[in-house]
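For this note's numbering, count along the sequence shown from 1 and bump the result up by 224.
Built from N, CA and C at the ideal position, the CB exists for glycine as well.
Below is one structure; the comments refer to it alone.
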Amino acid sequence: MAEGPILKLVKSDDAAVALPSGGSRPPSRTRRITPRARRILSVGGGKGGIGKSLISANLAIALARRGQRVVLVDADLGGANLHTTLGLDLPRRTLSDFIDRKVERLEDVVSPTGIPNLGLVSGALDNLEAATPKHAQKMRLLRHIQAMDVDYAILDLGAGTHTNVLDFFLVSDHGVLVLVPEPTAVENAYRFVKAAFWRRVRNVSQVFGYEELLHDIMQGASFRSPVELVATVVERDPEAGANLANHLAAFRPRLVVNQVRTAQDAEMGHAVVAAWRKYFGLEMDYLGAIDYDDEMWRAVRVRRPLLLDRPGAAAALGFERIADRLIAADESGRAADRA
Ligand SMILES: Nc1ncnc2c1ncn2[C@@H]1O[C@H](COP(=O)(O)OP(=O)(O)OP(=O)(O)O)[C@@H](O)[C@H]1O
Ligand SMILES: [Mg+2]
Numbered sequence: 225m226a227e228g229p230i231l232k233l234v235k236s237d238d239a240a241v242a243l244p245s246g247g248s249r250p251p252s253r254t255r256r257i258t259p260r261a262r263r264i265l266s267v268g269g270g271k272g273g274i275g276k277s278l279i280s281a282n283l284a285i286a287l288a289r290r291g292q293r294v295v296l297v298d299a300d301l302g303g304a305n306l307h308t309t310l311g312l313d314l315p316r317r318t319l320s321d322f323i324d325r326k327v328e329r330l331e332d333v334v335s336p337t338g339i340p341n342l343g344l345v346s347g348a349l350d351n352l353e354a355a356t357p358k359h360a361q362k363m364r365l366l367r368h369i370q371a372m373d374v375d376y377a378i379l380d381l382g383a384g385t386h387t388n389v390l391d392f393f394l395v396s397d398h399g400v401l402v403l404v405p406e407p408t409a410v411e412n413a414y415r416f417v418k419a420a421f422w423r424r425v426r427n428v429s430q431v432f433g434y435e436e437l438l439h440d441i442m443q444g445a446s447f448r449s450p451v452e453l454v455a456t457v458v459e460r461d462p463e464a465g466a467n468l469a470n471h472l473a474a475f476r477p478r479l480v481v482n483q484v485r486t487a488q489d490a491e492m493g494h495a496v497v498a499a500w501r502k503y504f505g506l507e508m509d510y511l512g513a514i515d516y517d518d519e520m521w522r523a524v525r526v527r528r529p530l531l532l533d534r535p536g537a538a539a540a541l542g543f544e545r546i547a548d549r550l551i552a553a554d555e556s557g558r559a560a561d562r563a
């Protein structure tokens, strides 16, 4: 995930991968697109039914109400339902029309939500092709998301660790990892974030032509952590090792613990960040917790977003805190970029 706003789109031999900034530039075939979406935030977590869609929708509303221009994208390609979360009927135009090239621009499928500053790209329903887009279709979608003229593009991801899900997560400035405080969900979250990490290693090595080097190094060896892997690359090729380390350091998921019932549940966020650092040698930021709140599922039943229906509810306050943290982090990031 990028720490800066510039995103590069790079075409490699069998794959075009979007790499956020960080590290040196790839040798050739680099196509720069004009970045407009200032921040891409994706909400994933591996497990189904943990609140990814509700978090995407409510964070989008919280950011829009802070004056940010937001487009919410239903990137759960197999099970689109964000429009229902927002209380909308399925819009006339959806992602299917974009993926099938019935329209040229992603902007053509952005529908109003009735909430100022917030647009919605509805997911494709019953469209097999859109559920499993071909590589070129996925890259076109990622490119158009990057180029949207908004402050935040928020992507609601599907469950699982399919490469389609991982690639959306990896192209984001903020890859939000959702976790519920249950042992199986924690396992799933680690599996998801590890899969995303190794996909990033693969993407970086493809783009910079390190595949052979990594293949040699990994032959027969098993690395307990990325730190070990990078150290071995540095021994063999210091320049490649430094570049890989730079790109991998930018992989910094933002953790949200949802459905918190006790203070211990909320503490779990810190424990997960500490374990990630200890065993994987990588950083993760804890964005905050959202209470388990009966108002949340009630809002789902009446098809009204919680933030509009029950703005004072405990879970709603959790979304407001997280939105404030995101904006503060982005503003300090921009200030650092300017300095
Ligand atoms: N903080 C919460 N408090 C109470 N209930 C919650 C909370 N978060 C989520 N839920 C419940 O979990 C259900 C699933 O939420 P949601 O649809 O956002 O999950 P998801 O991760 O997007 O699922 P999928 O993987 O199927 O897309 C909601 O309908 C709601 O009933
Ligand atoms: Mg969902």
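Since residue i is in the alpha helix (DSSP H), which residue starts that stretch and which ends it?
i: H307; result: L306 to T309
i: S280; result: K276 to R289
i: Y414; result: P407 to F432
i: L570; result: Summary: the structure shown does not reach residue 570, with the chain confined to residues 225 through 563, and so no result is reported for it.
i: M442; result: E435 to M442
i: D373; result: Counting along the chain, D373 falls outside any alpha helix (DSSP H), and DSSP gives it neither H nor E.
i: V389; result: T387 to L394
Could you pull the start and end residues of the beta strand (DSSP E) that residue i belongs to?
i: I514; result: D509 to D515
i: G403; result: The question names Gly, yet the displayed sequence has Leu at residue 403. H398 to L403 is the span of the beta strand (DSSP E), which, as asked, contains L403.
i: V451; result: That residue, V451, is in no beta strand (DSSP E); its alpha helix (DSSP H) goes P450 to R460.
i: Q483; result: R478 to V484
i: R263; result: R263 to G268
i: L296; result: V294 to A299
Within its chain, find whatever has a CB closer than 7 Å to the CB of residue i; leave out the 5 residues flanking it on each side and keep chain order.
i: T337; result: L310, L312, G343 and L344
i: I257; result: Interpretation of I257 is limited by its pLDDT of 45, a score under 50 that renders its predicted location unreliable; the figure taken from the coordinates is listed afterwards. Only L233, R367, Q370 and A371 meet the Cβ criterion.
i: T385; result: G270, R415, F416 and A419
i: D333; result: Checking the sequence, you will find Val at residue 333 rather than Asp. Taken in chain order, the residues that qualify are R317, T318, L319, D321, F322, V327 and V345.
i: R423; result: T387, L390 and L394
i: R485; result: Y516
i: Q361; result: I323
i: R534; result: E519, A523 and A540
i: I339; result: I285 and A288
Pull up the CB-CB distance for residue i and residue j, whole angstroms please, since I reckon it's below 8 Å.
i: L319; j: S346; result: 7 Å
i: L403; j: A413; result: 5 Å
i: R549; j: G512; result: 6 Å
i: M508; j: V497; result: 5 Å
i: V480; j: I546; result: 7 Å
i: I514; j: G493; result: Not really, about 11 Å apart at Cβ, beyond 8 Å.
i: V294; j: A284; result: 5 Å
i: A469; j: V454; result: 5 Å
i: D375; j: S280; result: So it is not a contact: roughly 16 Å between Cβ atoms.
i: N341; j: L531; result: Their Cβ separation, rounded to whole angstroms, is 13 Å, which puts N341 and L531 out of contact at 8 Å.
i: A348; j: L301; result: 7 Å
i: Y503; j: S449; result: 7 Å
i: G275; j: Q483; result: 7 Å
Residues in its own chain within less than 6 Å of residue i by CB, not counting five upstream and five downstream?
i: G399; result: M225, S266, F393 and P477
i: H191; result: This structure gives no information on residue 191, because the portion of the chain shown stretches from 225 to 563.
i: D489; result: P405
i: S252; result: Because the pLDDT of S252 is 42, which lies under 50, any placement of that residue in the model is unreliable, and the number read from its coordinates should be weighed accordingly. Nothing meets the Cβ criterion.
i: I441; result: T456
i: A538; result: D515 and D517
i: E544; result: A286
Which of helix, strand or coil does DSSP assign to residue i?
i: P336; result: strand
i: N341; result: coil
i: R329; result: coil
i: S556; result: helix
i: L365; result: helix
i: S320; result: helix
i: D548; result: helix
i: D380; result: strand
i: L506; result: coil
i: L314; result: coil
i: R527; result: coil
i: G272; result: coil
i: A360; result: helix
i: A563; result: coil
i: G465; result: helix
i: A348; result: coil
i: G493; result: helix
i: A499; result: helix
What does a CB cutoff of less than 8 Å around residue i pick up in its chain, not counting 5 residues either side in sequence?
i: G273; result: A383
i: I551; result: L287, R290 and Q292
i: L401; result: G268, G269, A413, F416, V417, P477, R478, L479, V480 and M508
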